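Enquirer: I'd like to ask you about the structure that follows.
In my numbering, the protein residues as written are 195 to 824.
In structure tokens:
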């Protein structure tokens with residue numbers, strides 16, 4: 195018992211020292227250059243895997259367990275794999291030059307340590323993220339070992355264990371591949387940036403400013419949630435964290451002004467999920483998409499900005515229609531935050547984000563721009579006493595960043611096992627062939643099958659994890675039909691993200707329901723309806739490159755204008771309310787068809803959409819339904 199108490203006291207110190215040490219290492223390497231790419235990834239994986247296991251032990255010691263034996267077993271395995279992570283890291287670094295010189299030839303000790311690395315990745319991913327991504331990786335790995343026993347097209351050639359372990363554990367086509375590389379180079383830096391901004395109070399500043407600007411209008415609290423979540427999403431890497439971070443304030447305010455608990459929770463969930471779609475960070479997935487596709491980061495930001503704005507615009511319109519139908523008012527002016535005071539108190543902390551965008555558009559690499567932004571955040575924080583980042587706040591920021599990065603390391607390293615297994619066996623091309631065969635080779639059918647697969651595979655996963663799995667299993671099918679690489683990757687990214695508001699595993703909606711005290715299932719289905727634009731927009735940019743800012747300025751403006759008009763009409767259709775008019779059921783159906791016509795690019799479909807919209811407006815006015823209440 196005394197040993198357990200001593201361990202409880204020592205363990206947090208060890209975790210914090212490791213967290214601060216690895217964060218400082220990444221901060222220095224981002225500013226002054228990283229070592230050899232593989233060595234950098236090895237250090238990144240080893241340290242964060244160890245931190246993750248120690249965090250598990252700490253949590254286990256703080257929570258009572260039904261079975262003491264079960265608790266001891268888990269703690270023992272966590273301790274074993276934390277030591278294994280450090281030992282494997284040291285061994286990989288020591289033998290790196292020899293393995294490079296011998297062109298990857300494996301000896302017996304290499305195989306043992308390679309197997310230990312793979313087992314460590316499986317264990318930490320399971321312990322930190324559950325069975326979602328772990329089970330997919332386990333199936334892929336087992337298939338690589340035993341798939342040669344399967345007869346016919348589903349089988350593959352016999353692969354030696356040393357080759358499987360060597361490629362997955364030590365090669366850039368496996369665990370140490372591009373996803374982990376993005377985590378080690380870019381993601382950790384921007385997670386640190388978000389943590390430092392958070393300890394200055396920037397997150398609360400975004401919430402207060404959004405409430406001050408939109409709170410007094412019809413449905414103001416819900417509109418505040420939309421604006422706050424889009425801003426908070428730029429520094430948050432999780433839809434659930436975003437929901438909890440902003441929802442703690444916005445959901446009670448929505449309920450207070452007349453919103454039903456389920457609707458209030460659903461609004462926050464949909465708005466928070468959209469934070470993962472909003473550039474420049476996009477839940478840190480933007481950097482991984484850049485690494486996987488070989489696309490310059492700034493191109494990804496340009497391509498994603500208009501679809502993200504459309505997503506939030508659609509939600510804004512839905513809230514306005516809902517509020518109009520129920521005659522919901524805004525928050526009294528005297529209860530709103532004071533804009534002037536908020537700007538004086540914390541407005542200067544927006545400057546680092548402005549600098550980030552400026553440097554990115556000037557052509558700086560994300561690594562260089564992120565480093566400058568992080569350093570400037572620390573310096574700018576000293577402009578006011580309340581935001582000043584001293585020693586204690588720095589420790590808190592580093593510790594928070596390390597905890598968040600553990601999840602990303604789990605996802606990216608486990609995805610490396612999947613990628614390596616698919617590479618060795620050729621299963622990826624077989625899956626693409628199956629999807630194409632089921633869809634009959636037609637693009638629209640393939641996209642529909644892909645969307646369903648993305649939602650199912652993405653359920654319960656962070657956006658980074660879902661994207662990584664989907665990018666290797668699904669994207670090849672879309673690309674084979676002539677869709678450019680970046681739109682194809684953004685398509686699966688969107689559906690992976692929106693799985694957070696898709697029943698039956700709508701994790702963001704369930705987080706909001708917990709705050710609102712609402713029924714989780716009902717909240718999930720309302721969130722699905724509110725986020726309908728998130729399921730339409732990916733099809734829009736597949737068929738209209740103008741929505742990704744490609745083409746002439748006139749074409750881009752026309753596509754954006756008709757798309758905005760289309761999502762406005764779709765919101766009116768879903769809520770049965772347009773401006774100050776109640777919309778009957780049949781007209782709602784016609785409005786939804788008009789919305790689809792306007793959303794789909796093309797002059798003919800746009801004209802049809804406008805015509806149908808005009809018919810509905812005239813029919814409503816003709817029946818004297820203006821200014822009626824439901």
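Virtual Cβ for every residue (Gly too), placed ideally from N, Cα, C. Quick caveat, the model's predicted, so the values are computed rather than measured.
Here's a check: name, in chain order, each residue in its chain whose Cβ is nearer than 6 Å to the Cβ of residue 272, leaving out the five neighbours to either side.
Expert: Reading the chain shown from its first residue, position 78 is the one you call residue 272. Excluding residues within five positions, the ones whose Cβ falls inside 6 Å are 247, 250, 251.
Enquirer: According to DSSP, residue 233 sits in a beta bridge with which residue or residues?
Expert: Locating residue 233 in the chain shown gives position 39, counting from the first residue. Note: residue 233 sits in no beta bridge, so no partner.
Enquirer: Name the residue from 318, 501, 523 whose alpha carbon lies nearest to the alpha carbon of residue 412.
Expert: Here the question's residue 412 lines up with position 218 in the chain shown. For the residues 318, 501, 523, the minimum Cα distance to residue 412 belongs to 523.
Enquirer: Specify, as a first and last residue, the run of the alpha helix (DSSP H) that residue 457 falls within.
Expert: Here residue 457 refers to the residue found at position 263 of the chain shown. Looking at the DSSP string, the run of the alpha helix (DSSP H) that includes residue 457 is 455-468.
Enquirer: In this structure, how does DSSP classify residue 772 when only helix, strand and coil are distinguished?
Expert: Residue 772 sits at position 578 when you count from the first residue of the chain shown. DSSP places residue 772 in strand when its eight states are reduced to three.
Enquirer: Can you have a look at residue 585 and say buried or exposed, based on whether 16 or more other CB atoms are within 10 angstroms of its CB?
Expert: Mapped onto the chain shown, residue 585 falls at position 391. Classification of residue 585: exposed, given that the 10 Å Cβ count is below 16.
Enquirer: Do the segment 366-376 and the segment 547-559 meet, that is, are 3 or more Cβ pairs less than 8 Å apart?
Expert: The segment 366-376, when compared against the segment 547-559, does not touch it at the 8 Å Cβ threshold.
Enquirer: State the start and end residues of the unbroken alpha helix (DSSP H) segment that holds residue 484.
Expert: Here residue 484 refers to the residue found at position 290 when the chain shown is read from its first residue. It spans 479-487 - the alpha helix (DSSP H) in which residue 484 sits, taken as one unbroken run.
Enquirer: May I have a chain-ordered list of the alpha helix (DSSP H) segments no shorter than 4 residues that lie completely inside the segment 335-386?
Expert: The qualifying runs are 355-364, 372-376.
Enquirer: Which same chain residues end up closer than 6 Å to residue 606 when comparing Cβ atoms and leaving out the 5 residues on each side of it in sequence?
Expert: Locating residue 606 in the chain shown gives position 412, counting from the first residue. Around residue 606: 373, 374, 377.
Enquirer: How many whole angstroms separate the CB atoms of residue 640 and residue 629, which I take to be in contact at a CB cut-off of 8 Å?
Expert: Here residue 640 is taken as the residue at index 446 of the chain shown, counted from 1. Here residue 629 is taken as the residue at index 435 of the chain shown, counted from 1. The Cβ separation is near 6 Å, so the contact holds.
Enquirer: Excluding five sequence neighbours on each side, which residues of the same chain lie with their C-beta closer than 7 Å to the C-beta of residue 769?
Expert: Here the question's residue 769 lines up with position 575 in the chain shown. Correct list, in chain order: 512, 515, 516, 519.
Enquirer: So residue 661 and residue 686 are in contact, right, with Cβ under 8 Å, and what is the actual spacing, rounded?
Expert: The residue given as residue 661 occupies position 467 in the chain shown. The residue given as residue 686 occupies position 492 in the chain shown. Rounded, the Cβ-Cβ distance is 7 Å, consistent with contact.
Enquirer: What did DSSP end up calling residue 583 once you bin it into helix, strand or coil?
Expert: Here the question's residue 583 lines up with position 389 in the chain shown. Three-state DSSP puts residue 583 in coil, outside helix and strand.
Enquirer: Taking 8 Å as the cut-off, decide whether the C-beta atoms of residue 383 and residue 564 are in contact.
Expert: Along the chain shown, read from residue 1 onward, the residue named residue 383 stands at position 189. Along the chain shown, read from residue 1 onward, the residue named residue 564 stands at position 370. Result yes, Cβ atoms of residue 383 and residue 564 sit closer than 8 Å.
Enquirer: Tell me, to the nearest whole angstrom, how far the beta carbon of residue 444 is from that of residue 462; I am working on the premise that it is less than 8 Å.
Expert: Residue numbering aside, residue 444 sits at position 250 when the chain shown is read from its first letter. Residue numbering aside, residue 462 sits at position 268 when the chain shown is read from its first letter. So it is a contact: roughly 6 Å between Cβ atoms.
Enquirer: Out of curiosity, what's the CA-to-CA distance linking residue 781 and residue 361?
Expert: The residue given as residue 781 occupies position 587 in the chain shown. The residue given as residue 361 occupies position 167 in the chain shown. Answer to the nearest angstrom: the Cα atoms are 59 Å apart.
Enquirer: Quick check on the DSSP output: the alpha helix (DSSP H) that includes residue 495 runs from which residue to which?
Expert: Here the question's residue 495 lines up with position 301 in the chain shown. Here the alpha helix (DSSP H) through residue 495 covers 491-519.
Enquirer: Does DSSP put residue 578 in a helix, a strand or coil?
Expert: Position 384 of the chain shown, counted from the first residue, corresponds to residue 578. Of the three classes helix, strand and coil, the one that applies to residue 578 here is coil, per DSSP.
Enquirer: Please return the same chain residues whose Cβ sits closer than 7 Å to the Cβ of residue 213, not counting the five positions on each side in sequence.
Expert: By one-based count along the chain shown, residue 213 stands at place 19. Cβ within range, chain order: 245, 592, 593, 596.
Enquirer: Kindly indicate the opening and closing residues of the alpha helix (DSSP H) around residue 410.
Expert: If you number the chain shown from 1, residue 410 lands on position 216. Looking at the DSSP string, residue 410 is not in any alpha helix (DSSP H), and its letter there is neither H nor E.
Enquirer: Classify residue 783 as buried or exposed, calling it buried when 16 or more other Cβ atoms lie within 10 Å of its own Cβ.
Expert: Taking the chain shown and counting its residues from 1, the one referred to as residue 783 is at position 589. Burial call: exposed.
Enquirer: Rounded to the nearest angstrom, what separates residue 340 and residue 358 at their Cα positions?
Expert: As a first step, residue 340 must be located in the chain shown, where it is residue number 146. As a first step, residue 358 must be located in the chain shown, where it is residue number 164. Their Cα atoms are separated by approximately 11 Å.
Enquirer: Cutting at 7 Å between CB atoms, please list the residues of its own chain near residue 759, excluding the five before and the five after it.
Expert: The residue labelled residue 759 in the question sits at position 565 within the chain shown. These residues qualify, in order along the chain: 792.
Enquirer: Going by beta carbon distance, what residues of the same chain come within less than 6 Å of residue 719, once the five residues before and after it are set aside?
Expert: As a working note, residue 719 is residue 525 in the chain shown. Closer than 6 Å at the Cβ level, and outside the excluded window around residue 719, lie 697.
Enquirer: Which whole-angstrom value is the C-beta distance of residue 448 and residue 435, which I expect to be below 8 Å?
Expert: Working through the chain shown from its first residue, we reach residue 448 at position 254. Working through the chain shown from its first residue, we reach residue 435 at position 241. Wrong, their Cβ atoms sit about 19 Å apart, outside the cutoff.
Enquirer: Report the option in 680, 349, 207, 764 whose CA atom is closest to the CA atom of residue 488.
Expert: Position 294 of the chain shown, counting from 1, holds the residue named residue 488. Considering only alpha carbons, the answer is 680.
Enquirer: Taking 8 Å as the threshold (C-beta atoms), are residue 710 and residue 437 in contact?
Expert: Mapped onto the chain shown, residue 437 falls at position 243. Mapped onto the chain shown, residue 710 falls at position 516. Not closer than 8 Å, so no.
Enquirer: Is the beta carbon of residue 224 sitting closer than 8 Å to the one on residue 561?
Expert: The residue given as residue 224 occupies position 30 in the chain shown. The residue given as residue 561 occupies position 367 in the chain shown. Contact: yes.
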